[in-house]
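One structure below.
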Amino acid sequence: MPTLVDLLERVSFLAAMPAVAGVFVTAGTLAISRDWRLNSLALTVQYFFLVLLLTRLIRLEVAAVKGLIGWLICMVFYLTERRASTLEQPAPVEESATVSQRWRRWIISARASFHLLAGILISVAAYTAALRIPLPQVPGDITLACYLLAGLGLLLVGLSDDPMQVGLGLLTFLSGFELFYVALEPSLAVAGLMGAVSFLIALAAAYLRTIQIAAGREGAA
Amino acid sequence: MISGTLLLLILPLVMAGVVYSLLRWTALSALLSAGTALVLGIAAVALPLDQPMQLWGDRQIEMGEAVTFLGRELVLEQADRAAMAILFFTAAGLFLLAWRFTPRSLLFPMGLGLLSLLSGALLIRPPIYAALLVEIAAALSVFALQAESGPPARGGLRYLTFTTLALPGLLVTHWLMERYVLTPDETELLGTTAILLAVSFALLLGVVPFHTWVSTITNDSVPLASAFILTIGNGVIWFLLFEFLEAYPWLSDHPRFSPIVSTAGLAMVVVGALLAPAQRRPGSLMGYGALVDSGAALLALAMNDESGLTLVILSLLMRPFGLVLMAAGLTGLRAHSGNDDSFDALRGLGWKAPWSTAAFALGGLSVAGLPISAGFTWRWPLCRALAASNQNSVLVLILAGIGVMVGVWRGLAALLVRARSPKDRSVIPQSSSEGWLTAMVVIAAIGLGAAAGLFPQYLAPLAARLAETFTFYTP
Chain A
1 MPTLVDLLER VSFLAAMPAV AGVFVTAGTL AISRDWRLNS LALTVQYFFL
51 VLLLTRLIRL EVAAVKGLIG WLICMVFYLT ERRASTLEQP APVEESATVS
101 QRWRRWIISA RASFHLLAGI LISVAAYTAA LRIPLPQVPG DITLACYLLA
151 GLGLLLVGLS DDPMQVGLGL LTFLSGFELF YVALEPSLAV AGLMGAVSFL
201 IALAAAYLRT IQIAAGREGA A
Chain B
222 MISGTLLLLI LPLVMAGVVY SLLRWTALSA LLSAGTALVL GIAAVALPLD
272 QPMQLWGDRQ IEMGEAVTFL GRELVLEQAD RAAMAILFFT AAGLFLLAWR
322 FTPRSLLFPM GLGLLSLLSG ALLIRPPIYA ALLVEIAAAL SVFALQAESG
372 PPARGGLRYL TFTTLALPGL LVTHWLMERY VLTPDETELL GTTAILLAVS
422 FALLLGVVPF HTWVSTITND SVPLASAFIL TIGNGVIWFL LFEFLEAYPW
472 LSDHPRFSPI VSTAGLAMVV VGALLAPAQR RPGSLMGYGA LVDSGAALLA
522 LAMNDESGLT LVILSLLMRP FGLVLMAAGL TGLRAHSGND DSFDALRGLG
572 WKAPWSTAAF ALGGLSVAGL PISAGFTWRW PLCRALAASN QNSVLVLILA
622 GIGVMVGVWR GLAALLVRAR SPKDRSVIPQ SSSEGWLTAM VVIAAIGLGA
672 AAGLFPQYLA PLAARLAETF TFYTP
């Protein structure tokens, strides 16, 4: 049976521009979408591409451990939001209303279009920064991935007060920084502490989300 | 042989677990937390650094013994001892007040956990790794800042956000300086390092325009937990700044160091002075009071000499007497007003909760720097020191103090409104709803603050001695 490391080796051909494109798409999805299922999936895929990029800078095993921490974080987000969606279950609606809601899903909202525009601006800025201010010790495509992750993470943090969105933004920002910093300081101690930081951020965001749900239920009661 | 350094890190963590399991017994958990902090504070100050001490049986303890953790060295040095003592003694006082005002709060176990992490941040070498421990502490503090009931506090998340944004700058600095040692002709590395450090510490200290987390944590979070962040957490950031200045002395030697620090401090003082009297909630008032306090400390640092550094350290010693007391009073007032702390909701509450009112008002006046309060003991020498070179700063500092006092006065005016009887006569309730134990704890805290204000000659030499351990200003 192949191990996680074997699997990562098999897909290592993606660890260049395809992974950067993957990071761009997933971070962009996080910035635009408010659907928790889509966000959980995007974060999971983002960590996959991040691990691929990390394999070019650090040992495969260390990158795999970072990926495992990331996927554990995704699990925390998924379980929290799944529970929240169960508790926040809206009252049953008429069939005509359900049809209109289904249609509305395909029409882009004003909020989403604003986030999309802001995301595009940030991406252009990240691309320009990658060309003008290359980061030391990392190749050009990874520089672009770092700037994209940090920029779109900041956008997520800046545009919302919601604990989960801010948590996702902070984790995306930290992923961008970590991708750069492992090239400067590849020590296991720093990798471990960075993993602990990411996991605690996820726990804090999930804790605040449960408080939000509890407060909402108390208000409704 | 037990390493004292390890004791300072492990004991609070172990006690955090114990206290968490005993949380339902309010007095026990609070007294255990306060006792642990007190014992560690005494150990940090009283036990000798360079010789082992007999504990029990064959057990010995050596405070100065270095410990290796994850390949990094942790060592207690002379400069760290007083800093640790400030942290632990402040925490002990804060836990005692929390016993009466926020019983069964997560502040006790989380506070002990934070003490361990923040102590680690002060002890780890090189200090660059402290940034990671401070970040972990910020993530943990979200749990302490959040009240058990009510909506999610934005303050904790905002504090975590600003700390996370400060992390990259602090970590990359270390690598830049290592590279500069290898290639000293690349002088632009120094410029990049200075910018990264300035932005990172501005984020961590809440310098304008990165100050929004300060008033948010005091406004919507557990007040005593926010006081923990603004006294103990902020104190660690200040000591980290001193360690960075010590490690890179060219930073304070730079001709632009003083003007930049002075401008940052002045901006904080002005923003705090303008916004404090306009607040309609005592929580926000506390935040802007803390902003003025930090700004004044930056003005002291900008003096770029040992007396300035002494005043900064004295401010860190005196700040808890005002902020922690204010936070305790605010907690008591919120408890009586159903968690609504707008001035309208607090009208007349001063007669029902006189001890909370007294704690809030006297703490606020100390934060404002009223004469004979604890805050005055370092603001007055600062004004005198600045008067010769920068009269405008002195004027702004005095006006900022008045601004915070106006805010406290407005709060007090609302709190002391008398209820009217049907015959339109003012009515004063006959008894307070606060117990005698709360009264005793508040009286003790006010007494300590008054003693610190009336007899600064006991604490000022400590600050001066601590300032002497740093050499970055020595000509």
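One line per chain: the protein sequences are A and B, in this order.
Mapping of the first sequence onto our numbering: position 205 corresponds to residue 205, and the numbering continues sequentially without gaps.
Mapping of the second sequence onto our numbering: position 228 corresponds to residue 449, and the numbering continues sequentially without gaps.
For every residue, glycine included, the Cβ atom is placed at its ideal position computed from N, Cα and C.
Predicted model, so just to flag it, every value in this text is computed and none were measured.
Inter-residue distance for residue 6 (chain A) and residue 60 (chain A) is about 10 Å (C-alpha atoms, whole angstroms).
By the rule that beta-carbons nearer than 8 Å mark a contact, residue 174 (chain A) touches chain B. Where residue 615 (chain B) is concerned, the enclosing alpha helix (DSSP H) starts and stops at 612-636.
In the DSSP annotation of this structure, the continuous segment of the beta strand (DSSP E) that includes residue 293 (chain B) starts and ends at 293-295. Residue-level contact by beta carbon fails for residue 134 (chain A) and chain B, as no gap is shorter than 8 Å.
For the region 179-195 of chain A, the beta-carbon criterion of a distance under 9 Å to any beta-carbon of chain B is satisfied by 180, 181, 184, 185, 187, 188, 189, 190, 192, 193 and 194. Boundaries of the alpha helix (DSSP H) harbouring residue 299 (chain B): 299-322, taken from the DSSP string. Cα atoms of residue 500 (chain B) and residue 606 (chain B): separation of roughly 31 Å, rounded to the nearest angstrom. Under the DSSP definition of a beta bridge, residue 345 (chain B) partners with B:295. Residues of the region 198-212 of chain A with a Cβ closer than 7 Å to any Cβ of chain B, in chain order: 200, 201, 204, 207, 208, 211 and 212. Residue 394 (chain B) does not reach chain A, its nearest Cβ partner there being about 11 Å away, counting only Cβ pairs nearer than 8 Å. Taking CB atoms only, residue 291 (chain B) has a neighbour in chain A less than 8 Å away. Residues of the region 150-175 of chain A that bring their beta carbon within less than 7 Å of a beta carbon in chain B comprise 157, 161, 163, 166, 170, 173 and 174, in sequence order.
Exclusion of the five residues before and after residue 284 (chain B) leaves 225, 268, 270 and 297 as the residues of its chain whose Cβ lies within less than 6 Å of its Cβ.
Neighbours of residue 360 (chain B) in chain A, taken as residues at a C-beta separation under 8 Å, are given in chain order as 197, 200, 201, 203 and 204. Secondary structure of residue 290 (chain B) (DSSP, three-state): strand. Straight-line spacing of the CA atoms in residue 611 (chain B) and residue 619 (chain B) works out to 13 Å.
For residue 281 (chain B), the enclosing beta strand (DSSP E) stretches over residues 281-283. Near chain B, meaning a CB-to-CB distance below 8 Å, no residue of the region 15-33 of chain A qualifies. In terms of CA proximity to residue 584 (chain B), B:539 leads the group B:539, B:466, B:677 and B:429.
Residue 274 (chain B) carries a strand assignment under DSSP once its states are collapsed to helix, strand and coil.
Contact of residue 145 (chain A) with chain B is not assigned, every C-beta pair being separated by 8 Å or more.
In the assembly as shown, residue 63 (chain A) is a buried residue. Its beta-carbon has 16 or more other beta-carbons within 10 Å. Contact of residue 112 (chain A) with chain B is not assigned, every C-beta pair being separated by 8 Å or more. Burial of residue 582 (chain B) is indicated by the presence of at least 16 other C-beta atoms within 10 angstroms of its C-beta. Counting other Cβ atoms within 10 Å of its Cβ, residue 331 (chain B) reaches 16 or more and is therefore classed as buried. Beta-bridge analysis with DSSP links residue 223 (chain B) to B:282.
For the 8 Å CB-CB criterion, residue 390 (chain B) and residue 362 (chain B) do not form a contact. With a threshold of 8 Å between beta carbons, residue 215 (chain A) makes contact with chain B. The beta carbons of residue 14 (chain A) and residue 156 (chain A) sit about 25 Å from each other, so the pair does not count as a contact at 8 Å. A Cβ of chain A is located within less than 8 Å of the beta carbon of residue 364 (chain B). With respect to residue 123 (chain A), residue 49 (chain A) sits apart: the two C-beta atoms are not nearer than 8 Å. Taking a beta-carbon distance threshold of 8 Å, residue 382 (chain B) counts as an interface residue toward chain A.
Around residue 675 (chain B), the same chain offers 593 as residues with beta carbons nearer than 7 Å, after the five sequence neighbours per side are excluded. It is roughly 6 Å from the alpha-carbon of residue 266 (chain B) to the alpha-carbon of residue 306 (chain B). Runs of alpha helix (DSSP H) with 4 or more residues, each lying fully within the region 4-57 of chain A, are found at 4-10, 17-32 and 36-54, listed in chain order.
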